[in-house]
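*Asks:* My structure is below; once you've seen it, I'll send some questions.
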Amino acid sequence: MSSARRLPPVRSLAVAGALGASALLLTACTNADTTRSSVAEAAQTESPSPTATDTQSASPTGSPTASMNEDQTERKDLVSKAKVTWDKAADTAVKEVPEGKLVDLELKRTDADATASPSGSPTGSASPSMPNPAPSEGAPEWEAKVAQSDGTLHRIDIDAVSGKVFRTMVDPDQDPDDKTQITEWLDKAKQTPEQAVKAATEKAKGTVTHVELGDNDDQQVVWDVDVVDKKNWDKTSVVVDAANGKVLSQKVDKD
Numbered sequence: 041m042s043s044a045r046r047l048p049p050v051r052s053l054a055v056a057g058a059l060g061a062s063a064l065l066l067t068a069c070t071n072a073d074t075t076r077s078s079v080a081e082a083a084q085t086e087s088p089s090p091t092a093t094d095t096q097s098a099s100p101t102g103s104p105t106a107s108m109n110e111d112q113t114e115r116k117d118l119v120s121k122a123k124v125t126w127d128k129a130a131d132t133a134v135k136e137v138p139e140g141k142l143v144d145l146e147l148k149r150t151d152a153d154a155t156a157s158p159s160g161s162p163t164g165s166a167s168p169s170m171p172n173p174a175p176s177e178g179a180p181e182w183e184a185k186v187a188q189s190d191g192t193l194h195r196i197d198i199d200a201v202s203g204k205v206f207r208t209m210v211d212p213d214q215d216p217d218d219k220t221q222i223t224e225w226l227d228k229a230k231q232t233p234e235q236a237v238k239a240a241t242e243k244a245k246g247t248v249t250h251v252e253l254g255d256n257d258d259q260q261v262v263w264d265v266d267v268v269d270k271k272n273w274d275k276t277s278v279v280v281d282a283a284n285g286k287v288l289s290q291k292v293d294k295d
């Protein structure tokens with residue numbers, strides 16, 4: 041707007057120079073010089089305008105980052121930092137529970153309470169064991185749940201960078217009905233986590249970040265498998281029938 045306001049005086053001087061030329065040659069020359077000087081000043085005044093254009097043209101530089109939403113950015117950061125794959129984490133977790141079976145495994149960030157003293161944790165059998173130092177808060181970890189034959193769940197936390205177990209504990213919130221539910225699911229699940237992941241990754245290529253045993257609305261026992269595509273950081277959730285290994289559904293989560 042400021043440049044536009046400067047333009048009228050330049051035009052007025054040009055018109056005055058043209059009118060003065062018919063009355064007096066000397067005046068015309070003087071006005072012509074003044075006009076040329078004003079035009080030159082106007083050109084200098086207008087010359088910074090391309091700078092604004094250049095400033096605007098630089099804005100697309102940040103567009104690749106802007107094209108990723110918050111969840112995609114979070115997945116990229118978490119998956120890129122994790123060095124331990126899901127299957128290695130699963131093997132490590134199962135070894136912590138004699139005759140145990142994996143029912144849940146998720147890549148997540150380490151909570152602040154991971155470094156808390158066991159003295160502040162639930163007492164009795166649910167009191168956690170911390171065989172190795174916990175990673176720093178926010179670092180990637182695999183949180184696993186492994187079930188005993190009677191349905192008792194053990195939580196095992198594994199450093200997703202070093203592969204070391206840093207916390208184990210019995211789930212303190214289980215009741216008898218919960219344990220019964222777990223044993224029923226395991227009895228009906230004929231497909232191992234490895235088989236379920238194989239079926240899921242044949243449909244969706246990428247990095248596995250979550251495997252969980254449960255049931256769906258039709259009361260079918262299923263494996264839910266989350267796969268992150270490292271090309272665009274979208275997550276695909278694949279539901280696999282735990283009885284026969286058939287893929288029942290898949291959904292891409294771009295949010």
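If you count the sequence shown from 1, you need to add 40 to reach my numbering. Note that beta-carbon positions come from the ideal geometry of N, C-alpha and C, so glycine has one too.
Does DSSP put Ser120 in a helix, a strand or coil?
*Replies:* Position 80 of the sequence shown, counted from the first residue, corresponds to residue 120. The answer is helix: DSSP assigns Ser120 an H, G or I state.
*Asks:* For Thr223, tell me which candidate among Ser176, Pro173, Asp293 and Asp190 has the shortest Cα-Cα distance.
*Replies:* By one-based count along the sequence shown, residue 223 stands at place 183. When each option's Cα is compared against that of Thr223, the closest is Asp190.
*Asks:* Might you give, ordered along the chain, the residues of its own chain that have their beta carbon closer than 6 Å to the beta carbon of Val143, omitting 5 neighbours on each side?
*Replies:* Position 103 of the sequence shown holds residue 143. Excluding residues within five positions, the ones whose Cβ falls inside 6 Å are Lys185, Ala187 and Leu253.
*Asks:* Which parts of the segment 188-236 are runs of the beta strand (DSSP E), unbroken and 3 residues or longer, counting only runs that do not cross its ends?
*Replies:* 193-199 and 205-210
*Asks:* Apart from the five residues on each side of it in sequence, which residues of its chain come closer than 6 Å, Cβ to Cβ, to Pro175?
*Replies:* On the sequence shown, residue 175 is found 135 positions in, with the first residue counted as 1. Excluding residues within five positions, the ones whose Cβ falls inside 6 Å are Thr150 and Asp199.
*Asks:* Is it a yes or a no for the segment 238-245 touching the segment 206-225, going by three-plus beta-carbon pairs under 8 Å?
*Replies:* With the rule of 3 Cβ pairs closer than 8 Å, the segment 238-245 does not count as touching the segment 206-225.
*Asks:* In this structure, how does DSSP classify Lys148 when only helix, strand and coil are distinguished?
*Replies:* Against the sequence shown, residue 148 aligns to sequence position 108. Strand.
*Asks:* Assign Ala229 to one of two classes, buried (16 or more other C-beta atoms within 10 Å of its C-beta) or exposed (fewer than that).
*Replies:* The residue you call residue 229 lines up with position 189 of the sequence shown. That one is buried.
*Asks:* Are there 16 or more other CB atoms within 10 angstroms of the CB of Gln231, so buried, or fewer, so exposed?
*Replies:* The count along the sequence shown starts at 1 and reaches residue 231 at position 191. Burial call: buried.
*Asks:* For Trp126, report the span of its alpha helix (DSSP H) as first-last.
*Replies:* Within the sequence shown, numbered from 1, the residue matching residue 126 stands at position 86. Run containing Trp126: Trp126 to Lys135, per the alpha helix (DSSP H) assignment.
*Asks:* Between the C-alpha atoms of Asp227 and Gly140, what's the straight-line distance to the nearest angstrom?
*Replies:* Locating residue 227 in the sequence shown gives position 187, where the first residue counts as 1. Locating residue 140 in the sequence shown gives position 100, where the first residue counts as 1. Those two C-alpha atoms are separated by around 13 Å.
*Asks:* Using the DSSP secondary-structure output, state which residues sit across from Val143 in a beta bridge.
*Replies:* Position 103 of the sequence shown, counting from 1, holds the residue named residue 143. Listed as beta-bridge partners of Val143 by DSSP are no residues whatsoever.
*Asks:* Look up Lys271 in the DSSP assignment and say whether it is helix, strand or coil.
*Replies:* Taking the sequence shown and counting its residues from 1, one reaches residue 271 at position 231. Of the three classes helix, strand and coil, the one that applies to Lys271 here is coil, per DSSP.
*Asks:* Could you name the residues of the same chain whose beta carbon sits closer than 8 Å to that of Ser169, not counting the 5 residues immediately before and after it, in chain order?
*Replies:* Position 129 of the sequence shown, counted from the start, is the residue given in the question as residue 169. Correct list, in chain order: Pro158, Arg207, Thr208 and Met209.
*Asks:* Return helix, strand or coil for Ala283, following the three-state DSSP convention.
*Replies:* Counting from 1 along the sequence shown, the entry for residue 283 is found at position 243. Reduced to three states, the DSSP call for Ala283 is coil.
*Asks:* CA-CA distance, Leu193 and Lys238?
*Replies:* Reading the sequence shown from its first residue, position 153 is the one you call residue 193. Reading the sequence shown from its first residue, position 198 is the one you call residue 238. So the alpha carbons of these two residues sit roughly 25 Å apart.
*Asks:* Buried or exposed for Gln259, going by 16 or more other Cβ atoms inside 10 Å?
*Replies:* Taking the sequence shown and counting its residues from 1, one reaches residue 259 at position 219. Answer is exposed; the Cβ neighbour count stays below 16.
*Asks:* Suppose contacts are defined by Cβ-Cβ distances below 8 Å. Is Val356 in contact with Val261 by that definition?
*Replies:* With the chain running from 41 to 295 in the structure shown, residue 356 is simply not present.
*Asks:* Mind checking which residues open and close the beta strand (DSSP E) that includes Asp255?
*Replies:* Locating residue 255 in the sequence shown gives position 215, counting from the first residue. Counting along the chain, the beta strand (DSSP E) containing Asp255 begins and ends at Thr247 to Asp255.
*Asks:* So Thr276 packs on Lys291, CB below 8 Å; how close in whole Å?
*Replies:* Within the sequence shown, the letter at position 236 stands for residue 276. Within the sequence shown, the letter at position 251 stands for residue 291. Contact holds; Cβ gap of about 7 Å.
*Asks:* State the Cα-Cα distance for the pair Glu146 and Ser120, rounded to the nearest angstrom.
*Replies:* Counted from its first residue, the sequence shown places residue 146 at position 106. Counted from its first residue, the sequence shown places residue 120 at position 80. Going by the C-alpha atoms only, they are around 15 Å apart.
*Asks:* If we count the other Cβ atoms within 10 Å of its Cβ and call it buried at 16 or more, is Gly246 buried or exposed?
*Replies:* Along the sequence shown, read from residue 1 onward, the residue named residue 246 stands at position 206. With 16 or more Cβ atoms within 10 Å of its Cβ, Gly246 is classed as buried.
*Asks:* So what does Lys185 bridge to, in DSSP terms?
*Replies:* By 1-based counting over the sequence shown, the position of residue 185 is 145. Paired residues: Asp144 and Arg195.
*Asks:* Please state the DSSP three-state secondary structure of Gln112.
*Replies:* One-based indexing of the sequence shown puts residue 112 at position 72. Looking at Gln112 - three-state DSSP - the assignment turns out to be helix.
*Asks:* By how many angstroms is the C-alpha of Val124 removed from the C-alpha of Pro171?
*Replies:* On the sequence shown, position 131 is the one that residue 171 refers to. On the sequence shown, position 84 is the one that residue 124 refers to. Approximately 18 Å between the Cα atoms of the pair.
*Asks:* Taking 7 Å as the limit between beta carbons, can you name the residues of its chain near Pro180, skipping five residues before and five after?
*Replies:* One-based indexing of the sequence shown puts residue 180 at position 140. Taken in chain order, the residues that qualify are Leu118, Lys121, Ala122, Leu147, Arg149, Ala200 and Val201.
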